[in-house]
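Q:
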Ligand code: MG
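Residue numbers (my numbering): 1110 to 1399.
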């Protein structure tokens, strides 16, 4: 199933997207839960409860789609340098404060986070702050945790995956380099476009899908998640070894080769650009830059 969060007539809603993507059936939920997008549905399913009743369908053209988890319960977990060719382009860019000579391919997953308030939905403007002159895009598959847990083994990890969505891990490269960590330059307001909806794991195998990134219609990134250095089970095993994972947690799995910093000279985002991320089995996430 596909679960979408939206606004209609100024009211938040959460609904089930029809197979032809033309209609949405809203779930009958109290306002406080609708404001959190799909979160309460994932939590209910993790408790073994069935989904709430569905209301009359509305045309998808009559709603404004927002991020499926517009207010994640905590930071978005993200993975750095998780595709071989991207790890090389980033280490070679001179902006990678974590790179050691000959050590461009990490031996263990590199994890950082983005603040939940950086999340915006499809079509929302990515705002270029005056504080940075090097804003970049990163097309990524994001894993949504269903049943939480701690000490989850790689063998059992996929049983904890609710499903997937698309994230664009927008990054201020100058801040990423200058401050010797990735948190601030990844967490600026509007730097986490997410959507257009969540797709459940029974509908999509995220371990074998294709991720593409476009700027103004030009294909820049195009890779399969089979090429991840650390696959989804390994990421869940690593994260949950010391940190309890909760239903609705988001793990952005890393970006393939072709980000702006990989070009010589770099192709940073500029006002007026439109960035689109496509993932087979999910759809596309498009955001203008201003
Ligand atoms: Mg990233």
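The beta carbon of each residue, even a glycine, is placed where N, CA and C say it ideally should be.
Which residues share a DSSP beta bridge with residue 1245?
A: Looking at the DSSP assignment, residue 1245 forms a beta bridge with 1280.
Q: Can you tell me which residues form a DSSP beta bridge with residue 1254?
A: 1270
Q: Following the continuous alpha helix (DSSP H) through residue 1341, name the residue where it begins and the one where it ends.
A: 1341 to 1349
Q: Return yes when at least one heavy atom of ligand 1 lies under 8 Å from the C-beta of residue 1332, else no.
A: no
Q: From 1139, 1269, 1129, pick the residue whose C-alpha is nearest to that of residue 1122; which is it?
A: 1139
Q: CA-CA distance, residue 1345 and residue 1352?
A: 10 Å
Q: Are the CB atoms of residue 1151 and residue 1273 within a distance shorter than 9 Å?
A: It is not a contact, given that the beta carbons lie outside the stated cut-off.
Q: Could you tell me which whole beta strand (DSSP E) segments of length 3 or greater appear in the segment 1180 to 1216?
A: 1185 to 1189
Q: Would you check whether ligand 1 has a heavy atom nearer than 8 Å to the C-beta of residue 1224?
A: no
Q: Measuring from the CB of residue 1299, is there a heavy atom of ligand 1 at a distance below 8 Å?
A: no
Q: Cutting at 6 Å between CB atoms, please list the residues of its own chain near residue 1323, excluding the five before and the five after it.
A: Apart from the 5 residues on each side of it in sequence, residue 1323 sits with its Cβ closer than 6 Å to the Cβ of 1385 in its chain, given in chain order.
Q: Report back the beta-carbon spacing between residue 1177 and residue 1284 to the nearest angstrom; my notes put them in contact at under 8 Å.
A: 27 Å between Cβ atoms; not a contact.
Q: Could you check whether the segment 1213 to 1222 touches the segment 1230 to 1241, counting it as contact only if at least three pairs of C-beta atoms, one from each stretch, sit closer than 8 Å?
A: no
Q: Distance check for residue 1215 and residue 1264, CA to CA, integer angstroms please.
A: 22 Å
Q: Closest to residue 1187 by CA distance: which of 1309, 1361, 1396 is it?
A: 1361
Q: The beta strand (DSSP E) that contains residue 1115, what's its start and end?
A: 1111 to 1117
Q: Quick check on this structure: which residue in 1289, 1313, 1279 has the alpha carbon closest to the alpha carbon of residue 1379?
A: 1279
Q: Along the alpha helix (DSSP H) that carries residue 1120, what are the first and last residues, could you check?
A: Here residue 1120 belongs to no alpha helix (DSSP H); instead the beta strand (DSSP E) covers 1120 to 1126.
Q: Touch check for the segment 1323 to 1339 and the segment 1155 to 1173: three-plus C-beta pairs under 8 Å?
A: no
Q: Do you know how far the Cα of residue 1316 is from the Cα of residue 1199?
A: 23 Å
Q: Could you check what DSSP says for residue 1130 in three-state terms: helix, strand or coil?
A: coil
Q: Report yes if the C-beta of residue 1361 is less than 8 Å from at least one heavy atom of ligand 1; otherwise report no.
A: yes
Q: Closest by CA to residue 1206, which one among 1383, 1288, 1303?
A: 1288
Q: In this structure, does DSSP put residue 1236 in helix, strand or coil?
A: coil
Q: Less than 6 Å between C-beta atoms, sequence neighbours within five positions excluded: which residues of the same chain meet that for residue 1293?
A: 1284
Q: I want to know whether the segment 1110 to 1128 touches the segment 1241 to 1249 - three or more CB-CB distances under 8 Å.
A: no
Q: Tell me the residue span of the beta strand (DSSP E) that contains residue 1309.
A: Secondary structure note for residue 1309: its beta strand (DSSP E) is the uninterrupted segment 1301 to 1309.
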